[in-house]
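In the numbering used here, the protein residues as written are 39 to 367. Using N, Cα and C, we set each Cβ at its ideal position, and we do this for glycine too. Inspection log for the structure reproduced underneath, given as structure tokens.
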């Protein structure tokens, strides 16, 4: 089945997942400047940082102060990640945070234990508590993530039935509380997905919850992130998490040589979609400027492609060709 969407939405996670993966903490002013630059590109959602333990993740110790330092742009939501009650209360207390009701589920026991210090079953029960809390506070549930939906370095292959069982449980839990579920995100946390498996699993989940949108949180761990996005587009998927300049990744994945590639690169995927005639609502040139700023802040060459080659806009207008020919002379 091929059904390219007319528009897609990219949710930017570089400021949180990207900087959280780095071994050092970068100046708050630099991170705020990057978020402001990303805002200028027209992104509809930017995940700024996480409210987590400063001892476990010192890079996120100043999250409240970072939110206070950014310039919020109308039309863009500025969200955060939390993993427990304390983190959620800190997010609620920070008035600059745009709260988004989200749920998280795991498919494998080893990664659930390593990432959240609980079993898969215990994580389910915690999510029931989050459902009830969101309802009590009037916070709409926006999406649910199934983590390691394609496979896990720690737990091995994830049968399709394990994924669909989690989704069915999730749908029943929401139905019991009469809570709508707008979106289900499948997370390729450790880079096991391939284009055919993207189609297979998106199709299977869509059959269970046809009224919800399917979103994808993809990593480019093994170089097939772009191919996976294209396969998802052919299935009509229009919601993607991504990271500027390809920042990010999973710190607990245990990749063989370390330093594995991060999330799918926002500007590369925006370029591909725009070349396919799919509307993104994003100013690619502004996004490239933001990615180059990210590279200057990080202080090393980053993995994005379009940020280094440029878009085709200048070439199509003839401007770049004139510049190149003038330089040759």
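Which residues DSSP lists as bridging residue i, in chain order
| i | result |
| --- | --- |
| residue 120 | 89 |
| residue 182 | 141 and 222 |
| residue 84 | 50 and 116 |
| residue 190 | 194 |
| residue 18 | Outside the displayed span of the chain (39 to 367) sits residue 18, for which this structure offers no information. |
Between the CA atoms of residue j and residue i - distance to the nearest angstrom
| i | j | result |
| --- | --- | --- |
| residue 329 | residue 42 | 27 Å |
| residue 63 | residue 140 | 27 Å |
| residue 156 | residue 184 | 15 Å |
| residue 339 | residue 239 | 34 Å |
| residue 271 | residue 224 | 14 Å |
| residue 287 | residue 260 | 12 Å |
| residue 343 | residue 310 | 11 Å |
| residue 195 | residue 188 | 7 Å |
| residue 208 | residue 242 | 15 Å |
| residue 98 | residue 87 | 7 Å |
| residue 356 | residue 273 | 35 Å |
| residue 318 | residue 275 | 13 Å |
| residue 312 | residue 322 | 9 Å |
| residue 236 | residue 210 | 24 Å |
| residue 269 | residue 61 | 33 Å |
| residue 94 | residue 142 | 20 Å |
| residue 158 | residue 231 | 21 Å |
| residue 82 | residue 308 | 13 Å |
| residue 285 | residue 264 | 15 Å |
| residue 100 | residue 316 | 37 Å |
| residue 106 | residue 354 | 41 Å |
| residue 173 | residue 125 | 18 Å |
| residue 77 | residue 50 | 10 Å |
| residue 352 | residue 186 | 40 Å |
| residue 215 | residue 171 | 12 Å |
| residue 350 | residue 257 | 25 Å |
| residue 348 | residue 75 | 17 Å |
| residue 191 | residue 164 | 24 Å |
| residue 212 | residue 154 | 22 Å |
| residue 262 | residue 306 | 13 Å |
| residue 71 | residue 337 | 15 Å |
| residue 111 | residue 69 | 16 Å |
| residue 229 | residue 217 | 31 Å |
| residue 57 | residue 251 | 28 Å |
| residue 327 | residue 314 | 22 Å |
Boundaries of the beta strand (DSSP E) in which residue i is found, first to last residue
| i | result |
| --- | --- |
| residue 225 | 221 to 226 |
| residue 252 | 251 to 256 |
| residue 374 | Given that the chain is displayed from residue 39 to residue 367, the structure contains no residue 374 and the question cannot be resolved. |
Element boundaries [alpha helix (DSSP H), containing residue i]
| i | result |
| --- | --- |
| residue 68 | 66 to 77 |
| residue 259 | Run containing residue 259: none; DSSP gives neither H nor E here. |
| residue 151 | 147 to 154 |
| residue 44 | First-last for residue 44: undefined, no H or E at that position. |
| residue 132 | Taken as a continuous stretch (DSSP letters only), residue 132 belongs to no alpha helix (DSSP H), as it is neither H nor E. |
| residue 321 | Segment: none, residue 321 is in no alpha helix (DSSP H) and carries neither H nor E. |
| residue 170 | 158 to 175 |
| residue 345 | 344 to 347 |
| residue 103 | 101 to 107 |
| residue 233 | 233 to 246 |
Spatially closest choice to residue i from the options, by CA coordinates
| i | options | result |
| --- | --- | --- |
| residue 222 | 66, 249 and 62 | 249 |
| residue 132 | 149, 108 and 113 | 108 |
| residue 247 | 175, 201 and 284 | 201 |
| residue 135 | 84, 159, 163 and 74 | 84 |
| residue 160 | 144, 106 and 175 | 144 |
| residue 73 | 116, 99 and 274 | 116 |
| residue 59 | 152, 67 and 96 | 96 |
| residue 149 | 317, 275, 263 and 226 | 226 |
| residue 162 | 268, 203 and 124 | 203 |
| residue 89 | 69, 119, 66 and 111 | 119 |
| residue 245 | 68, 230 and 205 | 205 |
| residue 234 | 152, 198, 219 and 169 | 198 |
| residue 325 | 277, 346 and 217 | 346 |
| residue 255 | 217, 327 and 182 | 182 |
| residue 123 | 111, 217 and 91 | 91 |
CB of residue i within 8 Å of CB of residue j, strictly
| i | j | result |
| --- | --- | --- |
| residue 341 | residue 48 | no |
| residue 25 | residue 304 | There is no way to answer for residue 25, as the model of the chain reaches only from 39 to 367. |
| residue 266 | residue 55 | no |
| residue 130 | residue 137 | yes |
| residue 113 | residue 332 | no |
| residue 320 | residue 79 | yes |
| residue 176 | residue 146 | no |
| residue 103 | residue 66 | yes |
| residue 169 | residue 179 | yes |
| residue 440 | residue 253 | Within the shown structure, residues of the chain are numbered from 39 to 367, placing residue 440 beyond reach of any answer. |
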